[in-house]
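Taken in sequence, the protein lines are chains A and B. Each residue of the first sequence is one higher than the one before, counting from 1 in the numbering used here. Each residue of the second sequence is one higher than the one before, counting from 1001 in the numbering used here.
Number of protein chains: 2
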Amino acid sequence: MLQKRIDDQPLISREMMREAELILHNHLKRVGLKHTAQRDTILRTFLETREHLSMDELHRLVKRKDPRIGFTTVYRTLKLLAECGLASEVAFHDGIARFEHQYNRRSHHHMVCTECGSSVEFFSPEVDRLEQEIGRKHHYLTTRHTFQIYGLCENCRKKASRPTA
Amino acid sequence: MLQKRIDDQPLISREMMREAELILHNHLKRVGLKHTAQRDTILRTFLETREHLSMDELHRLVKRKDPRIGFTTVYRTLKLLAECGLASEVAFHDGIARFEHQYNRRSHHHMVCTECGSSVEFFSPEVDRLEQEIGRKHHYLTTRHTFQIYGLCENCRKKASRPTA
DNA sequence: GGCAAGTTGAAAATGACTTTCATTTTCAAA
DNA sequence: TTTGAAAATGAAAGTCATTTTCAACTTGCC
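Take a look at the structure:
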């Protein structure tokens, strides 16, 4: 019997999908914006992924469902999702903005391979505590922080130590 | 008698300047590049600051010493300085790359005000330890990390709580 | 000095967003 | 339903911080 990979978590449940749509719809109503099929398609496509997507990557996925949806709409919808807390931007320091699910998501950080760009998430409550502590010390009202570690993943390290033989 | 501000550290000493120049010159020789007056001027100008400079800001300062030095040369020299460990890039997440001294500098991080852009440096050995620890755990060969805290500084917080009266 | 290799800087190119605008949709009131 | 004001869409144009190109200089080893 095949063993499931340890991170082989189920895709988002129908219930969570519905809940996220509600959050978006409420946000739209609150700020006087309108409900459109494009926005729903984009939200659904976004929620079905578990990666850190760039706008371009999300646009590519969205086009599979509806080829007429343009990049601009994906761009604007992603901003909307960030506004209502469903998405958040992560900067991997390669000049491309990436977005990940934020709703119902445990606080986490990323370690990024500078060779192949792959990343692993890790959890470190200490970092959250540090934000509070240092903010207090310097009289800042902190709102967020970024913490990323860069290096070579195991795979790329092996490749590097074995040059073009 | 005037009291010195607590962070009123002396400008870089002549000796450190010389040492930094040596590092650059050795690096140039090592990779087969040439020694030019422009590169020296840019290094000196950079070392005389204590701020986090964008390329544009450094170019402005450099032009005061030699108006004929172009932006492109500043850009390329900053990359060189980063290569040999004299400078390092800090990303404050506002779309502009900034550089700061790296040589002989204690490991530190930044807390940035999202309103006025000012920043304070803080020291947190715990973060350096975390880099090691998490890298080991996931079999990464870590090279560096970024840790920034964002929020409102005391000044901007006061302004914010007192709207256009 | 002579010249191969490297440097310079003005200008053009790049590329990831952002904005514009003419056209199409949405939705609440009639 | 119909209507029309407000909003959304998406193709194309604009921004802006880099990054590259290239023809005219410098450097530094002989």
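C-beta: ideal position from N, C-alpha, C; glycine also. Just so it is clear, the structure is predicted and the values come from calculations on it, not from any experiment.
* Asked: When burial is assigned at 16 or more other CB atoms within 10 Å of the CB, is B:I1096 buried or exposed?
  -> exposed
* Along chain B, which residues have their Cβ under 7 Å away from the Cβ of A:R144? -> In chain order: Y1150.
* **Whole runs of the beta strand (DSSP E) within the segment 1041 to 1096 of chain B, excluding any shorter than 3 residues** => 1087 to 1091
* Asked: Rounded to a whole number of angstroms, what is the C-alpha to C-alpha distance between B:V1074 and B:L1061?
  -> 10 Å
* When the distance is taken between beta carbons, is A:L78 closer than 7 Å to A:F99? -> yes
* Asked: Mind checking B:E1133: buried by the 16 CB within 10 Å criterion, or exposed?
  -> exposed
* Asked: Going along the chain, which residues of its own chain have a beta-carbon closer than 8 Å to the beta-carbon of A:M174, five neighbours each way excluded?
  -> As displayed, chain A neither begins before 1 nor continues past 165, which places residue 174 of chain A out of reach and without an answer.
* Hey, how far is the Cα of A:L28 from the Cα of A:A20? -> 12 Å
* To do: Taking B:L1078 as the query, report the chain A residues whose CB atoms sit under 9 Å from its CB, ordered along the chain.
  => Those do not exist, as B:L1078 stays about 16 Å from chain A at its closest Cβ, beyond 9 Å.
* Asked: Where does the unbroken alpha helix (DSSP H) through A:H27 begin, and where does it stop?
  -> Element bounds for A:H27: 14 to 30.
* Is the CB of A:N155 under 7 Å away from at least one CB in chain B? -> no
* **Inter-residue spacing [alpha-carbon to alpha-carbon] between B:E1131 and A:E121** => Those two C-alpha atoms are separated by around 13 Å.
* To do: Check whether the Cβ of B:F1122 lies closer than 7 Å to any Cβ atom in chain A.
  => yes
* Check whether the Cβ of A:H171 lies closer than 7 Å to any Cβ atom in chain B. => Here chain A has residues from 1 to 165 only, and residue 171 of chain A is not among them.
* Segment limits, beta strand (DSSP E) that includes A:G151 -> 141 to 152
* Residue closest to A:A87, alpha-carbon to alpha-carbon, out of A:T114, A:G151, A:E51, A:M111 -> A:E51
* Neighbourhood of A:I149 by C-beta, 6 Å cutoff - its chain only, sequence neighbours within 5 removed -> Within the same chain, A:I149 has close Cβ partners M111.
* Leaving aside the five residues before and after A:D40 along the sequence, list all residues of the same chain whose C-beta is less than 6 Å from its C-beta, in chain order. => none
* A:G135 versus chain B: which residues are under 8 Å apart at the beta carbon? -> M1111, I1149, G1151
* To do: For my contact list, A:T114 and B:T1143 are in at a C-beta cut-off of 8 Å; report their separation, rounded to the angstrom.
  => 7 Å
* To do: Figure out for me which residue from A:Q38, A:T146, A:Y140, A:C153 has the closest Cα to the Cα of B:C1156.
  => Among A:Q38, A:T146, A:Y140, A:C153, the Cα nearest to that of B:C1156 is on A:Y140.
* For the candidate residues A:C116, A:P125, A:G117, A:S161, whose alpha-carbon lies nearest to that of A:H108? -> A:P125
* Asked: Hey, how far is the Cα of A:N104 from the Cα of A:M17?
  -> 11 Å
* Got a sec: is the Cβ-Cβ distance from A:K159 to anything in chain B below 7 Å? -> no
* Asked: In chain B, which residues lie less than 9 Å from A:T49 when you measure between Cβ atoms?
  -> Going along chain B, no residue has its Cβ under 9 Å from A:T49, so there is no contact; the nearest lies around 22 Å.
* Asked: Relative to the alpha-carbon of A:G85, which residue among A:Q102, A:D94, A:G135, A:E48 has its alpha-carbon at the smallest distance?
  -> A:Q102
* Let me know if B:T1045 comes out buried or exposed under the rule of 16 or more other beta-carbons within 10 Å of its beta-carbon. => buried
* Asked: Under 9 Å Cβ-Cβ, which residues of chain B neighbour A:H139?
  -> C1153, E1154, R1157
* **Among B:K1158, B:K1159, B:R1136, the one whose alpha carbon lies nearest that of A:E154** => B:R1136
* To do: Could you tell me whether the Cβ atoms of A:L24 and A:L43 are closer together than 7 Å?
  => yes
* Indicate whether at least one CB of chain B lies closer than 7 Å to the CB of A:H101. => no
* To do: Leaving out five residues on either side along the sequence, give the residues of the same chain with a beta carbon under 8 Å from the beta carbon of B:R1106.
  => F1123
* Check whether A:F147 and B:F1147 have beta carbons under 7 Å apart -> In this structure, A:F147 lies near B:F1147, with their beta-carbon atoms less than 7 Å apart.
* Asked: Would the beta-carbon of B:Q1038 fall within 7 Å of that of B:I1069?
  -> Yes, these two residues count as a Cβ contact at 7 Å.
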